[in-house]
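**Q**
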Amino acid sequence: MASNFHNMHRDWEDQLPPELEGHIVQQVNNLSVFGKVVELFVPNALHTAARLIGGDNGPNDPAGADGRYSVDDWRRPPAR
Amino acid sequence: MVATDKKTASPTDSELIARYLRTQNTHDFTLLYRRYAGKVYAKCITMLSDNALARDATQDIFIKVLLNLARFNEQSSFSTWIYSITYNYCIDMIRKKKKVPLIFTEDIGRVGEKPEVEVPDSVLLEMKQDRLEKVLDRLPPGDKAILLMKYIDDLQIKDIAEVLDKSESAIKMQIMRAKQKAQSIYDELYETDPLDP
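And the structure:
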């Protein structure tokens, strides 16, 4: 048998505003889009920032892990 | 066959969460919302005694649930987890907005001191619904939360302790104090008509 507590709770449950679902679904969608944008652009932005401060020249750069170029690279003049 | 159909028709909370985390499909979260929104809203209204605040709180709680869904580790059921977010959110909101100095009837840390009389459950369970609402309205928010967890959510002492981050003995004591406080409020409000519960 339902107690007075349960009856009271059920009465309040029935008063849930129906428009709330729409608001929440909209926020969930917004967050999802924001998450996808972050996932897509942030790694590239970080990579660009790293390149700008000289931390990483990208996978196609002929420099080694220490940032020096190979002496065999004919495109670069030898160091003086 | 019937069992399979039933399973297809209504996936469990854990299945919905796993599916949402995997696919980010809004529909899965909407199903979770439909399952719990009413209960969360009812708790918010009982705790905050204000429809507009309860509506905003319900919205904030579901966004909080969404953002923390990946952290849900299934040590407790999803319902216990979401109710714990709800109660703690409401208690924090009351602290901030209403500036209520007293969250529990007495300091929850005073475990050693027993209340003089233990009020039987029947005193609360046999109150008329409108009277019960008025009594709950006058209780400190922590006491109200503890009584809702015990009598509506049917949570065990250890679950209530986990939700409020207190020891089990402190919670037992707090339940006794909350019931005693509820009875004294009831006596105060209805002393002219005490025989009609």
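Keeping their order, the protein sequence lines are chains A and B. Sequential numbering of the first sequence, starting at 27, is according to our numbering. Sequential numbering of the second sequence, starting at -12, is according to our numbering. Note that beta-carbon positions come from the ideal geometry of N, C-alpha and C, so glycine has one too. For clarity, every value in this text was computed on a predicted model and none was experimentally measured.
Could you work out which residues of chain B lie near Glu65 of chain A, taking near to mean beta carbons separated by less than 7 Å?
**A** Working through the first sequence from its first residue, we reach residue 65 of chain A at position 39. Per Cβ cutoff of 7 Å: no residues; Glu65 of chain A is ~10 Å from chain B at best.
**Q** Run the CB neighbour count on Arg77 of chain A, radius 10 Å, all protein chains shown included, and call it buried at 16 or more, exposed below.
**A** Locating residue 77 of chain A in the first sequence gives position 51, counting from the first residue. That one is exposed.
**Q** What are the boundary residues of the alpha helix (DSSP H) that Val59 of chain A is part of?
**A** Taking the first residue of the first sequence as position 1, residue 59 of chain A is located at position 33. 45 to 78 is the span of the alpha helix (DSSP H), which, as asked, contains Val59 of chain A.
**Q** Less than 7 Å separating the beta-carbons of Ile133 of chain B and Gln116 of chain B?
**A** For the purposes of this step, residue 133 of chain B is taken as the residue at position 146 of the second sequence. For the purposes of this step, residue 116 of chain B is taken as the residue at position 129 of the second sequence. It is not a contact, given that the beta carbons lie outside the stated cut-off.
**Q** For the stretch 108 to 184 of chain B, list the alpha helix (DSSP H) runs that are entirely contained and at least 4 residues long, ordered along the chain.
**A** Counting whole runs of 4 or more residues, the stretch 108 to 184 of chain B contains the alpha helix (DSSP H) stretches 108 to 112, 116 to 125, 128 to 138, 144 to 151, 155 to 176.
**Q** I want to know whether the stretch 39 to 49 of chain B touches the stretch 55 to 64 of chain A - three or more CB-CB distances under 8 Å.
**A** No, the stretch 39 to 49 of chain B does not touch the stretch 55 to 64 of chain A.
**Q** Rounded to whole angstroms, how far is the Cβ of Met163 of chain B from the Cβ of Ile147 of chain B, which I believe are closer than 8 Å?
**A** Numbered from 1 along the second sequence, position 176 holds the residue referred to as residue 163 of chain B. Numbered from 1 along the second sequence, position 160 holds the residue referred to as residue 147 of chain B. About 13 Å; that fails the 8 Å criterion.
**Q** Do we get a CB-CB distance below 7 Å when we pair Gln52 of chain A with the residues of chain B?
**A** Along the first sequence, read from residue 1 onward, the residue named residue 52 of chain A stands at position 26. Taking Cβ atoms only, chain B never reaches closer than 7 Å to Gln52 of chain A, which makes this a no.
**Q** Any contact of the stretch 36 to 53 of chain A with the stretch 21 to 34 of chain B, i.e. 3+ C-beta pairs under 8 Å?
**A** The answer is yes - the stretch 21 to 34 of chain B touches the stretch 36 to 53 of chain A, with three or more Cβ pairs under 8 Å.
**Q** Using CA atoms only, rank isn't needed, just tell me which of B:Leu35, B:Val52, B:Ala29 is closest to Lys83 of chain B.
**A** Taking the second sequence and counting its residues from 1, the one referred to as residue 83 of chain B is at position 96. Out of B:Leu35, B:Val52, B:Ala29, B:Leu35 has the C-alpha closest to the C-alpha of Lys83 of chain B.
**Q** Does the beta carbon of Ile158 of chain B sit closer than 7 Å to a beta carbon anywhere in chain A?
**A** Position 171 of the second sequence holds residue 158 of chain B. Output row for Ile158 of chain B: interface = no.
**Q** Tell me whether the stretch 164 to 176 of chain B and the stretch 117 to 131 of chain B touch, counting them as touching only if at least three CB pairs, one residue from each stretch, are closer than 8 Å.
**A** Flag = yes, the stretch 164 to 176 of chain B and the stretch 117 to 131 of chain B touch.
**Q** Can you check whether the C-beta of Gly99 of chain B is within less than 7 Å of a C-beta belonging to chain A?
**A** Residue 99 of chain B sits at position 112 when you count from the first residue of the second sequence. Confidence is the limiting factor: at Gly99 of chain B the pLDDT is only 47, short of 50, which leaves the residue's position unreliable, though a coordinate-based value still follows. Not an interface residue.
**Q** Under a Cβ-count criterion, where at least 16 other Cβ atoms within 10 Å of its own Cβ denotes burial, should Thr(-9) of chain B be classed as buried or exposed?
**A** Locating residue -9 of chain B in the second sequence gives position 4, where the first residue counts as 1. With a pLDDT of only 47 at Thr(-9) of chain B, under the threshold of 50, the placement of this residue in the model should not be trusted, and no figure is reported.
**Q** Hey, how far is the Cα of Gln11 of chain B from the Cα of Ala39 of chain B?
**A** Along the second sequence, one-based indexing puts residue 11 of chain B at 24. Along the second sequence, one-based indexing puts residue 39 of chain B at 52. Cα to Cα, the separation comes out at about 30 Å.
**Q** Measure the CB-CB distance between Phe31 of chain A and Tyr138 of chain B and report whether it falls below 7 Å.
**A** On the first sequence, residue 31 of chain A is found 5 positions in, with the first residue counted as 1. On the second sequence, residue 138 of chain B is found 151 positions in, with the first residue counted as 1. In this structure, Tyr138 of chain B lies closer than 7 Å to Phe31 of chain A by Cβ.
**Q** Where does Gln41 of chain A fall in DSSP's three states?
**A** Here residue 41 of chain A refers to the residue found at position 15 when the first sequence is read from its first residue. If DSSP states are grouped into helix, strand and coil, Gln41 of chain A belongs with coil.
**Q** Tell me which residue opens and which closes the alpha helix (DSSP H) that Asn75 of chain B is part of.
**A** In the second sequence, the residue the question calls residue 75 of chain B occupies position 88. Note, Asn75 of chain B: alpha helix (DSSP H), 65 to 80.
**Q** In the structure shown, what three-state DSSP assignment does Ser29 of chain A receive?
**A** Taking the first sequence and counting its residues from 1, the one referred to as residue 29 of chain A is at position 3. Coil, per DSSP.
**Q** Could you name the residues of the same chain whose beta carbon sits closer than 6 Å to that of Phe65 of chain B, not counting the 5 residues immediately before and after it, in chain order?
**A** For the purposes of this step, residue 65 of chain B is identified with residue 78 of the second sequence, where counting begins at 1. Once the five neighbours on either side are set aside, the close Cβ partners of Phe65 of chain B are Asp0.
**Q** In angstroms, rounded to a whole number, what distance separates the CA positions of Leu3 of chain B and Ala57 of chain B?
**A** The residue given as residue 3 of chain B occupies position 16 in the second sequence. The residue given as residue 57 of chain B occupies position 70 in the second sequence. Rounded to whole angstroms, Leu3 of chain B to Ala57 of chain B spans 12 Å at the Cα level.
**Q** Measure from the C-beta of Ala(-10) of chain B to each C-beta in chain A and report whether the shortest distance is under 7 Å.
**A** For the purposes of this step, residue -10 of chain B is identified with residue 3 of the second sequence, where counting begins at 1. Note that Ala(-10) of chain B has pLDDT 46, beneath the 50 cutoff, so the model's placement of it is unreliable and the number below is only indicative. So, not an interface residue.
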